[in-house]
Each structure stands twice: as C-alpha cells, then as structure tokens.
Amino acid sequence: MTKDEILKISRKENSVSDERTEYIGLKGANFSVSIMILLWIILSRFTPMDQAAKYAMGLLVTATCCYNWLYQLIRVKTKTSIFFSVLFLIAMILYLILFLNQNGYLHLL
C-alpha cells in the first residue's frame with residue numbers, strides 16, 4: 032500500500048467520524064433549545080417579573096431558536112426548517128419591538 036492510498040483511507044474514516052460528531056452536536060443543540068423553551072414557559076408563567084423582563088427573556092429564547100433553525104435551513108433546506116425559521120424570526124422581531132417599546136426606546140405601541 033502506498034502512502035497516498037493510506038492517506039485516502041484515513042481521510043475517508045475521519046469523514047465518517049466528523050459527520051457523527053456534527054450530528055451529535057446538532058442533536059445536543061436541539062435538546063438544549065427544547066429545555067430552554069420549557070424553562071422559559073415555566074419561568075414566565077410562575078415567576079413574578081415585570082413586563083420588560085418577560086420581553087427580554089422572550090427575545091433571548093426566540094432569537095436562539097430562530098438562529099438554530101436558520102443554521103439548519105442553511106445546512107439542510109427542508110420545509111420544516113423554512114417554516115420554523117420564519118416563525119421564530121417573526122416572534123423575535125415582535126419581542127424586540129415589545130422590549131424596546133417597554134423600555135421607552137420606541138413609541139409605536
């Protein structure tokens with residue numbers, strides 16, 4: 032076996048390992064986002080906080096979800112990733128407007 036053949040086999044084996052590592056990373060990110068949404072719902076419903084804090088927390092969660100789905104949309108263009116990217120983008124913009132308005136930066140609402 033020549034040096035080039037050994038390198039070719041090694042690259043092929045590493046490619047499978049890299050794909051597995053990336054897949055596990057994406058699954059971990061999706062799981063983390065799911066837990067974050069659950070905690071957001073629990074905290075926003077059962078913890079007393081003012082509107083600005085609720086809007087800030089909503090903005091953080093929806094922005095995180097939006098960029099998670101946008102990343103997936105760039106990598107794998109599926110109808111699901113398009114739908115959730117648009118949905119969370121709209122929610123993120125809404126929470127941004129509400130947050131800025133609540134803190135006196137906007138006088139729209």
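Per this note's numbering, the very first residue in the sequence shown carries number 32; after that it's consecutive.
Backbone N, C-alpha and C fix where the C-beta goes; we use that ideal spot for every residue, glycine too.
**Item:** Alpha carbon of Ala87 to alpha carbon of Pro79, nearest angstrom
**Value:** 14 Å
Is it buried or exposed for Asn99, if we count other Cβ within 10 angstroms and need 16 for buried? buried
| field | Secondary structure of Asn99, DSSP reduced to three states | value | helix
task = Locate the alpha helix (DSSP H) running through Thr111, then write down its first and last residues.
result = Lys110 to Gln133
>> Is it buried or exposed, Tyr126, if we count other Cβ atoms within 10 angstroms and call 16 or more buried?
In response: buried
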